[in-house]
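Right, one structure below, let's go through it.
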Amino acid sequence: MMSAILTVCRKEIFDNSRDRRTLLTSTLLGPLMGPLLLVVMFNVSISRVTSSVDQPIDVPIIGAGYADNLVAFLASRGISASEEHDLASIDEAISAVRNGEEDVVVFVDESFGEDLASETGAHVSLVYDESDTASDQRVGRIRGSIGAYSQQIGNLRLLARGLDPAVVRPLIIDNFDVSTAEERSSILLGMLTYFLLFATLIGGLYLATDTTAGERERKSLEPLLATPVPRSSLILGKMGATAAYMLLSLALTLICFTVALPFMSLDELGMSTSFNLVTALIAFVVLVPYAPLGAALMTVVASFTKSYKEAQSYLGFVILIPTLPLIVAAILNVRPSLALMAVPSLSQHLLITNLIRAEPIEAPMLAVSFATTLLLGALLAYAAVRLYERERILG
Amino acid sequence: MIQADSLSKAFGKIAALSEVGFRARDGQITGLLGPNGAGKSTCLRILSTVLRPSHGTASVGGIDVSHDPLAVRGIIGTLPHGAGLYPHLTAIENIRYFGLLCGVDRATLARRIDRLIQRLDLGDVADRKAGGFSQGERTKVALARALVHEPPHLLLDEPTNGLDVMAVRQLRKWLQELALEGRCILISSHVMQEISALADDLVIIAHGRIAAKGTPMELADRFGNRDLEEIFVSAIGGEPS
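From first to last, the protein sequence lines stand for chains U and B.
Using the numbering used here, you'd call the opening residue of the first sequence number 35 and step up by one each time.
Using the numbering used here, you'd call the opening residue of the second sequence number 1333 and step up by one each time.
In structure tokens form, the structure reads like this:
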């Protein structure tokens, strides 16, 4: 029994190592895609945040002439009135923003000076596109600066009347952000677990297909089923090979992350990560039970399909299943608990998030995660064996 | 010995095989003859235990295929329709895999593979990947794979399909040698001439039923015609009008 399982497992590992497509997906696609994507995403978002904080803004101000002091105040905060526009009315400003020619336009009312002098409330309009997230930072800075100018004038008016400006600010909000740099990075690095789960599954995708639907398609399944080996041994051997490729893909992905993360300028975002070789190793251990679960799941799904192509399109969806608990977790912002450890893929996500936050992993949680993941894997493996005992498996 | 008694198999409402009974003796080649879709493959698949009979019984070497399929699989060698080799493995690796699955130890296996490679004249392709093999090479490797655990029974489903004349003659010679060694060989075909030159016993099957059985001589006597092709046509119910 054991030797037959090993024979099948060894053969599938060896056979598929000669298939360039299989090797490419499990040693390159999965392992490299996640880290590369993450590095790019990080650096883009970092450059956006840092650039908009430091860089001067050029903004078209219609009617700048009606508000010389405001324009000077804005200029002192790095927001200069752009000369290169021919906008004259608020309607033109609206269409310019809508067309994407400008991302934000300031409009100063003709009566601005008068209203300011008569203390009736002077109007300044901001024209922008809320759906254009790229301009968020600029709009926010301009709005904040105009607000600051407004407050400055308000304070002066109160002082002129002999009042302390604090009179109109009865409450003062003091912000204490208790998140550590590690915790802030965990929001973005939450994606890391998704990439790890994804790489694990994709590493076994071709094997799961080849050892089931592929075997049927090239008509090698019938002679195989006619050998004196119990179906359970055949299936376990095949799943073993699939899981082995998954673990290979996972290990390579972790190595890539360990190498790539130092290239992410996390500290510029006020984040830091404690992702090193030791964490990578612990993450690997946390994810080990996930490989047999994934292998069993894919084998079961592929067993229902009639051809290689059909199997691949179904398995494409299967790869998405583990992300569902992750999305729910992200929306509800759940914290690790023993009960949640019973949900495979969510438990791994929470444990690895803990790891990245440099918080300790509790042994009972790890044990529950291990047990439930392996149990579900065993149930699926049993289902696969039953499927292979049906004669319809020959297709 | 292989024996089938009122063997029936239905896929849903379609009866692929009804009440088929025959016997294939050791040391003989038994031909299972019939047109395409007659039920030959279904019959062989039941005997190789990958399908279960709906009714009736079948036994190989005295072991019932329904009661102990695993034991039956240990004493049969199969060559299913389409050789079904692993394209990324070499001829030797393909054969070795099945030898290991059949529980042959590595030393014995290496010796046997050497002998089979020689006997089946596979020396040129032994270390080449099966992906590029011709139909003839594929069939030979698949036959070696079926023989690697030296099974006393051989179930061959249309082994001459896609082979050229020379390859067919060679295959015929090997099968006769294998029968002389005392093996029980059951071979299916829809080509009359191939079987007539080879089989000691004939089972003609049409529409899932036995149309006629006996030695080629007996059949010729019964149908009053010495040409086997004529026997075949009249046995399966005449030419389509």
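Every residue, glycine too, gets a C-beta built ideally from N, C-alpha and C.
Close-in-space but distant-in-sequence residues of the same chain around residue i (CB under 6 Å, 5 per side omitted)
| i | result |
| --- | --- |
| U:Phe229 | Gly68 |
| B:Arg1355 | Gln1335 |
| U:Leu235 | Gly328, Ile353 |
| B:Ala1289 | Nothing can be reported for residue 1289 of chain B, as the shown portion of chain B is limited to 1333 through 1573. |
| U:Gly11 | In the structure as shown, chain U starts at 35 and stops at 429, and residue 11 of chain U therefore has no counterpart that could be examined. |
| U:Ala314 | Leu288, Thr292 |
| B:Thr1492 | Val1500, Glu1526 |
| B:Arg1541 | Ser1350 |
Counted within 10 angstroms of its Cβ, other Cβ atoms place residue i as buried (16 or more) or exposed
| i | result |
| --- | --- |
| U:His157 | exposed |
| B:Arg1501 | exposed |
| B:Met1498 | exposed |
| U:Ala151 | exposed |
| U:Ala127 | buried |
| U:Ala317 | buried |
| B:His1399 | exposed |
| U:Pro398 | exposed |
| U:Met280 | buried |
| U:Asp244 | buried |
| B:Ser1521 | buried |
| U:Phe291 | buried |
| U:Ser347 | exposed |
| U:Gln382 | buried |
| U:Asp49 | buried |
| U:Arg250 | buried |
| U:Ala122 | exposed |
| U:Leu372 | exposed |
| U:Ile365 | exposed |
| U:Ile434 | For chain U, the structure presents residues 35 to 429; residue 434 of chain U sits outside this window and is missing. |
Beta-ladder partner(s) of residue i, from DSSP
| i | result |
| --- | --- |
| B:Ile1334 | B:Ala1356, B:Val1392 |
| U:Tyr162 | U:Val138 |
| B:Lys1461 | B:Thr1422 |
| B:Asp1533 | B:Thr1362 |
| U:Gly181 | Its beta-bridge partners do not exist; DSSP assigns none. |
| U:Val78 | Per DSSP, none; premise fails for U:Val78. |
| B:Asp1489 | B:Ser1520 |
| B:Gly1409 | B:Leu1486 |
| B:Gly1546 | B:Leu1534 |
| B:Val1497 | None; B:Val1497 has no bridge partner. |
| B:Ala1387 | First, the amino acid is wrong: residue 1387 of chain B is His here, not Ala. B:Ser1340, per the DSSP bridge assignment. |
| U:Asp431 | There is no way to answer for residue 431 of chain U, as the model of chain U reaches only from 35 to 429. |
| U:Asp92 | U:Ser114 |
Neighbourhood of residue i by C-beta, 7 Å cutoff - its chain only, sequence neighbours within 5 removed
| i | result |
| --- | --- |
| B:Pro1419 | Lys1461, Ala1462, Gly1463 |
| B:Phe1430 | Arg1477, Val1480 |
| U:Asp92 | Ser114, Ser116 |
| B:Lys1381 | The sequence given here has Thr at residue 1381 of chain B, not Lys. Val1397, Pro1401, Val1404, Arg1405. |
| B:Phe1564 | Leu1365, Met1524, Ile1536 |
| U:Ala376 | Val402, Thr406 |
Cut-off 8 Å between Cβ atoms - residues of its own chain near residue i, not counting five sequence neighbours on either side
| i | result |
| --- | --- |
| U:Leu408 | Pro323, Pro326, Leu327 |
| B:Thr1440 | none |
| B:Ile1445 | Ile1424, Ile1427, Arg1428, Gly1431, Ala1476, Val1480 |
| B:Arg1470 | Ala1415, Leu1417, Ala1462 |
| U:Met273 | Pro326, Ala329, Ala330, Thr333, Ala415, Ala418 |
| U:Ile386 | Leu226, Thr227, Leu230, Ala317, Val320, Leu321 |
| U:Glu344 | Ala247 |
| B:Arg1515 | Asp1358, Gly1359, Pro1483, Pro1484, His1485, Leu1486 |
| U:Ser187 | Reading off the sequence shown, one finds Ile at residue 187 of chain U, where the question assumed Ser. Within the same chain, U:Ile187 has close Cβ partners Leu150. |
Neighbour list for residue i in chain A, Cβ cutoff strictly below 8 Å
| i | result |
| --- | --- |
| B:Arg1515 | Annotation note: the requested chain A is absent from the structure, which comprises protein chains U and B. |
Contact test: residue i Cβ vs the ligand HEM heavy atom, cutoff 7 Å
| i | result |
| --- | --- |
| B:Leu1454 | Absent from the structure shown: the ligand HEM. Ligands present: none. |
Next item on the list: Check whether the stretch 1371-1388 of chain B touches the stretch 1339-1359 of chain B, taking contact to mean three or more Cβ pairs, one atom from each stretch, closer than 8 Å.
Entry: Per the Cβ contact rule, the stretch 1371-1388 of chain B is in contact with the stretch 1339-1359 of chain B (3 or more Cβ pairs under 8 Å).
Next item on the list: Flag this pair as touching only if the stretch 134-142 of chain U and the stretch 158-176 of chain U have three or more C-beta atom pairs under 8 Å; answer yes or no.
Entry: The stretch 134-142 of chain U vs the stretch 158-176 of chain U: in contact.
Next item on the list: Say whether the stretch 196-205 of chain U touches the stretch 258-273 of chain U, bearing in mind that this needs 3 or more beta-carbon pairs closer than 8 Å, one atom from each stretch.
Entry: Flag = no, the stretch 196-205 of chain U and the stretch 258-273 of chain U do not touch.
Next item on the list: For the stretch 388-397 of chain U and the stretch 408-421 of chain U, state whether three or more C-beta atom pairs, one from each stretch, are separated by less than 8 Å.
Entry: Too few Cβ pairs lie closer than 8 Å, so no.
Margin query: Residues of the stretch 243-268 of chain U in Cβ contact with chain B at a cutoff of 8 Å, in chain order, please.
Written below: For the stretch 243-268 of chain U, residues whose beta-carbon sits nearer than 8 Å to a beta-carbon of chain B comprise Arg252, Lys253, Ser254, Leu255, Glu256, Pro257, Leu258, Leu259, Ala260, Thr261, Pro262, Val263, Pro264.
Note to self: Along the stretch 405-427 of chain U, where does the CB come closer than 7 Å to a CB of chain B? Name the residues.
What the structure shows: Taking 7 Å as the Cβ-Cβ cut-off against chain B, the residues of the stretch 405-427 of chain U that qualify are Glu425.
Notebook entry, point to check: Does the stretch 275-290 of chain U touch the stretch 1413-1432 of chain B, meaning 3 or more C-beta pairs lie closer than 8 Å?
Noted result: Verdict: no, contact absent.
Next item on the list: Indicate whether the contact test is met: 3 or more Cβ pairs, each with one atom in the stretch 184-200 of chain U and one in the stretch 114-131 of chain U, closer than 8 Å.
Entry: No: fewer than three Cβ pairs fall under 8 Å.
Next item on the list: Decide yes or no for the touch test of the stretch 1442-1462 of chain B against the stretch 1373-1382 of chain B: beta carbon pairs closer than 8 Å, at least 3 of them.
Entry: With a cut-off of 8 Å, the stretch 1373-1382 of chain B and the stretch 1442-1462 of chain B do not count as touching, because too few Cβ pairs lie within range.
Notebook entry, point to check: Which of the residues in the stretch 1433-1459 of chain B, read from start to end, lie with their CB under 8 Å from any CB of chain U?
Noted result: Here the close residues are Leu1433, Cys1434, Gly1435.
Item checked: Selection of the stretch 47-73 of chain U by Cβ proximity to chain B, strictly under 9 Å -> Flagged, chain order: Phe48, Asp49, Asn50, Ser51, Arg52, Asp53.
Note to self: Against chain U, which members of the stretch 1457-1486 of chain B pass a CB distance test of less than 9 Å?
What the structure shows: The stretch 1457-1486 of chain B vs chain U, Cβ under 9 Å: Lys1461, Ala1474, Arg1477, Ala1478, His1481.
Notebook entry, point to check: Using a beta-carbon distance cut-off of less than 9 Å, what residues from the stretch 1404-1425 of chain B approach chain U?
Noted result: Residues of the stretch 1404-1425 of chain B with a Cβ closer than 9 Å to any Cβ of chain U, in chain order: Val1404, Arg1405, Gly1406, Ile1407, Ile1408, Gly1409, Thr1410, Leu1411, Pro1412, His1413, Gly1414, Ala1415, Gly1416, Leu1417, Tyr1418, Pro1419, His1420, Leu1421, Glu1425.
Checklist line | Residues from the stretch 1372-1383 of chain B in contact with chain U, defined by Cβ distance under 9 Å | finding: Near chain U, meaning a CB-to-CB distance below 9 Å, the residues of the stretch 1372-1383 of chain B are Arg1377, Ser1380, Thr1381, Val1382, Leu1383.
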